[in-house]
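> Each residue of the sequence shown is one higher than the last, beginning at 4 in our numbering. Shown below is the structure under consideration.
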Amino acid sequence: MQSYEHGGDIYRNHVRVDFSVNTNPLGMPAAVLAALRENLDACEKYPDPHCEKLRQAIARFEGVPEPHIVCGAGAADLIYRLVFAQQPKKVLVCAPTFSEYERAVWISGGQVVYHALREADGFALTERILDDMTADIDMVFLCNPNNPTGKLADTGVLKSVADKCLKNGATCVLDECFLPFTHGESLKNLPHVVILKAFTKIYSMAGLRLGYMLCGDSDVINAVRDRTQTWGVSSLAQIAGIAVLEDCSGWIEQTLKLVETEREYLTTQLRGMGLKVYDSDASFILFRAEKSLYAPLLKRGFLVRSCANFNELGEDYTRIAVKLREENAALITEIGRIV
């Protein structure tokens, strides 16, 4: 089994700016911070084990029935609960992609099969994946946009994958945690698809651990809901989730505008240094240099995401988050000095 270490290790490193995690460069919405400050006494009580008020807020926000929602301590928590609930024997994941899919499968005793995304295609998902969806595949994980490449998948391809899963009796899991940073279309209205979403990225609530799953299949929802401790989502996380859904109009639009501008800036600057930069639709960028930039940048106080432990990539690949202009410019200066 490969190493599954992610970015964000600011606790063991001296870091000026953390470019290794892809949370919103605008930070946490003021409405969330205010709600947390005003409700600190909620820590004295057990949280609602059913997350009823939070699920009601999500239902209004997503336009889906409340029974189709289950909440968890981040999307990663729900990935594990889903896999443990269904115990798939053979699971198809893309390479490269988010490592927690395969880790959950390995821990549950299943087998992982990889669909290699081609660098020549810019690591885009194509209908080639349908050839790897053999009859013995029990579950398919897709990340849209994909992590670490930032590529949005074609909606037609995603629907073809979902349809083939339905035909084969396999579970189609679509991770849309980074979708709010794009103009992409959610497939939440396909009843046979499991959708994963989180407050972690778009609302910069990584430390609170809050995510949710959408699915029209009540058997899937109930099985995932049953596989958790009684109080799986903290009181403060529930309060923050309700606050951000009810009092953050325009937040996503403001974020999109900023991310598009700064992503273009970073891409242009990196390509101007002669680096191979892959087109991204998300709040992060994947690029390739002649050598690893992780250690030399860390010495300068910049933590980036080495892609050495991603399947189909290597230490010469680096992923960076899109941040505010001052931070982005500082990173570009340091990369320029190195390369």
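Each residue gets a CB set at the ideal place from its N, CA and C atoms; glycine is no exception. Predicted model, so just to flag it, every value in this text is computed and none were measured.
With DSSP as the reference, identify every bridge partner of F287, one or two as the case may be.
Start at 1 with the first residue of the sequence shown, and residue 287 comes out as number 284. F287 pairs with A324.
> Please report the distance separating the alpha-carbon of Y7 from that of V176.
By 1-based counting over the sequence shown, the position of residue 7 is 4. By 1-based counting over the sequence shown, the position of residue 176 is 173. For Y7, the predicted model reports a pLDDT of 47, less than 50, meaning its position is unreliable; a value from the coordinates is still stated below. Answer to the nearest angstrom: the Cα atoms are 20 Å apart.
> Would you kindly report the start and end of the unbroken alpha helix (DSSP H) that includes A107?
For the purposes of this step, residue 107 is taken as the residue at position 104 of the sequence shown. Segment 103 to 111, the alpha helix (DSSP H) holding A107.
> Between P151 and L289, which are expected to be in contact by the criterion C-beta below 8 Å, what is the C-beta distance as a whole number of angstroms?
Indexing the sequence shown from 1 puts residue 151 at position 148. Indexing the sequence shown from 1 puts residue 289 at position 286. P151 to L289, Cβ: 5 Å. Contact.
> From which residue to which residue does the beta strand (DSSP E) around G244 run?
Taking the sequence shown and counting its residues from 1, one reaches residue 244 at position 241. Element bounds for G244: not the beta strand (DSSP E) but the alpha helix (DSSP H), 238 to 249.
> Looking only at its chain, what residues have a beta carbon closer than 7 Å to the beta carbon of L155, apart from the 5 residues adjacent to it on each side?
Within the sequence shown, the letter at position 152 stands for residue 155. Once the five neighbours on either side are set aside, the close Cβ partners of L155 are N147, P148, T185, G187, D284.
> With a floor of 4 residues, list each alpha helix (DSSP H) that falls wholly inside the region 48 to 113, ordered by position along the chain.
DSSP runs (the alpha helix (DSSP H)) wholly in the region 48 to 113: 55 to 65, 78 to 89, 103 to 111.
> On the three-state DSSP scale, how would you describe S309?
Here residue 309 refers to the residue found at position 306 when the sequence shown is read from its first residue. The answer is strand: DSSP assigns S309 an E or B state.
> Quick check on the DSSP output: what are the complete alpha helix (DSSP H) runs of length 4 or more inside the region 187 to 237, in order along the chain?
For the region 187 to 237, whole alpha helix (DSSP H) runs of length 4 or above, ordered along the chain, are 221 to 229.
> Which residues mark the beginning and the end of the beta strand (DSSP E) in which C46 is found?
Residue numbering aside, residue 46 sits at position 43 when the sequence shown is read from its first letter. Here C46 belongs to no beta strand (DSSP E), and DSSP marks it neither H nor E.
> Counting only runs of 4+ residues fully inside the region 19 to 46, write out the alpha helix (DSSP H) ranges in chain order.
Counting whole runs of 4 or more residues, the region 19 to 46 contains the alpha helix (DSSP H) stretches 33 to 41.
> Could you give the DSSP three-state label for V176: helix, strand or coil?
Taking the first residue of the sequence shown as 1, we reach residue 176 at position 173. Of the three classes helix, strand and coil, the one that applies to V176 here is strand, per DSSP.
> Going by DSSP in three states, F184 sits in which element: helix, strand or coil?
Counting from one through the sequence shown, the residue named residue 184 turns up at place 181. Correct three-state label for F184: helix.
> Of all the options A165, I242, F305, C218, which has the alpha carbon lying nearest to the alpha carbon of A45?
Sequence index remark: in the sequence shown, residue 45 carries index 42 (1-based). Of the listed residues, the one whose Cα sits closest to A45 is I242.
> To the nearest angstrom, how far is it from the Cα of G304 to the Cα of L57?
As a working note, residue 304 is residue 301 in the sequence shown. As a working note, residue 57 is residue 54 in the sequence shown. C-alpha separation (whole angstroms): 38 Å.
> For the structure I just gave you, are there three or more beta carbon pairs, one from the region 252 to 269 and one from the region 223 to 237, closer than 8 Å?
Counting Cβ pairs under 8 Å, fewer than three are found: no touch.
> Per DSSP, which residues does K1 bridge with? Please list them.
No answer is possible for residue 1: the residues shown for the chain start at 4 and end at 342.
> Roughly how many angstroms lie between the CA atoms of L2 and I341, to the nearest whole one?
Lying outside 4 to 342, the shown extent of the chain, residue 2 is not represented and no answer is given.
> Alpha carbon to alpha carbon, how far is R40 from V160? Give it in angstroms, no decimals.
The residue labelled residue 160 in the question sits at position 157 within the sequence shown. The residue labelled residue 40 in the question sits at position 37 within the sequence shown. Those two C-alpha atoms are separated by around 44 Å.
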